[in-house]
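Comments concern the structure below.
2 protein chains.
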Amino acid sequence: MRIGVLAKAAGVSVPTIRYYESIGLLSAPARQGGQRVYGSEYVKALSLIRHCRDLDFSLDEISDILASVQRRSPCSDTKSFAEQHLRSIRRKIAELRSLEATVAALVSGCETTCCGSAAPDCVILQPSQACCR
Amino acid sequence: MRIGVLAKAAGVSVPTIRYYESIGLLSAPARQGGQRVYGSEYVKALSLIRHCRDLDFSLDEISDILASVQRRSPCSDTKSFAEQHLRSIRRKIAELRSLEATVAALVSGCETTCCGSAAPDCVILQPSQACCR
DNA sequence: CTACGCCCTCAAGCCACTTGAGGTTCAAGC
DNA sequence: GCTTGAACCTCAAGTGGCTTGAGGGCGTAG
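Here it is as structure tokens:
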């Protein structure tokens, strides 16, 4: 099949497939008249990549996952990739929740104390608040 | 003051200051012998930028915020920037929470059904699950 | 006058693509 | 056989918010 057909079958864009090939994530297929021709195994491989991207794994992580799939590593390896990923998702959620609390506090601080002052004096923009990255 | 002093005073790196100048976020200061010389007003401006970055505003948003500060717009404008930002933070949290639930479900699915099979057959990697961006 | 620290510019790298320019191949219809 | 149009090709640049590095200039203290 040609690249456009593969793209639809796996649910990714054509340039993305070429990009994955260029970085070595997807192997280079055969060519006919300069055009890429894919076998059905590519649908599987690319669908797996897309599935992992849907789960927000990075391409580096996906590269490791693909290697473990090809090695037919035990499933526990896959699980540990997922667990590590889950921890990083939870870390991000915690960071965002803390940010949410900070911003929400500033907004309500503005409502109660600013009383329509000018922007330069708004409590939201005062750097004195404790916010360290 | 020179760029290194400003950087310490405002808590940002020297290249970051030059970067902000290059994209027009910070105005170009006077020069002496080719070197940038800053007045104390730059500490204020840069600290404000840093404060907004700490709150995870984008540089585009910060540019709008700085404009409203210079215009001495009413504080309600600032608040509406913050509220919009808060909504986008909450949207991201919701996305991450849904992702967290998906990945957590896959991990426990693996624990209960995979029983140590090989990676290609692990439930975590099966694209059949409903996961659409 | 030398050594050192700070400053300068410009370019490239990060991530995961997308977009665009400019050209080639393929399949269908006449 | 010829034309048209879609799909394909490569290569380069853009996105965001910086960081890192190369290769050099300036200022001052000893």
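Residue numbers (the numbering used here), protein chains in the order written: chain V, 1 to 133; chain F, 1001 to 1133.
We put the beta carbon where it would ideally sit given N, CA and C, even for glycine.
Quantities reported herein were computed from a predicted structural model and do not represent experimental measurements.
In terms of residues, what are the limits of the alpha helix (DSSP H) holding residue i?
i	result
A101/V	C75 to G109
L1125/F	It is not in any alpha helix (DSSP H) - L1125/F carries neither H nor E in the DSSP assignment.
A9/V	I3 to A10
Would you verify that the beta carbon of residue i is, or is not, closer than 9 Å to some beta carbon of chain F?
i	result
E83/V	yes
E61/V	no
L86/V	yes
V14/V	no
V69/V	yes
S117/V	yes
Residue i to residue j, Cα distance in whole Å?
i	j	result
R1091/F	S1098/F	11 Å
E1061/F	R1087/F	14 Å
G11/V	G4/V	10 Å
Y20/V	L1006/F	43 Å
V1014/F	S58/V	30 Å
R1002/F	K1079/F	34 Å
S1047/F	G1033/F	26 Å
D56/V	I93/V	14 Å
S1017/F	D1121/F	Residue identity check: residue 1017/F is Ile in the sequence provided, not Ser. When rounded, the distance between both Cα atoms is 51 Å.
V1103/F	S1117/F	19 Å
H85/V	Y1038/F	45 Å
Checking contacts by CB at 9 Å: is residue i closer than that to chain V?
i	result
S1076/F	yes
K1092/F	yes
K1008/F	no
R1072/F	yes
G1039/F	no
I1003/F	no
Q1126/F	yes
Would the C-beta of residue i count as close to the ligand FAD, meaning under 8 Å from any of its heavy atoms?
i	result
S76/V	Here there are no bound small molecules, and the ligand FAD is not part of this structure.
Those runs of the beta strand (DSSP E) which lie wholly inside the region 19-72 of chain V and span at least 3 residues | 30-32 and 35-37
What are the residues of the region 1016-1033 of chain F that lie near chain V, defined by any Cβ-Cβ distance shorter than 7 Å?
-> none
Quick one, which residues of the region 1046-1059 of chain F are near chain V if we go by CB-CB under 9 Å, in chain order?
-> S1047, L1048, R1050, H1051, C1052, R1053, D1054, L1055 and D1056
Quick one: which residues of the region 97-108 of chain V get their C-beta closer than 9 Å to a C-beta of chain F? List them in chain order.
-> R97, L99, E100, T102, V103, A104, L106 and V107
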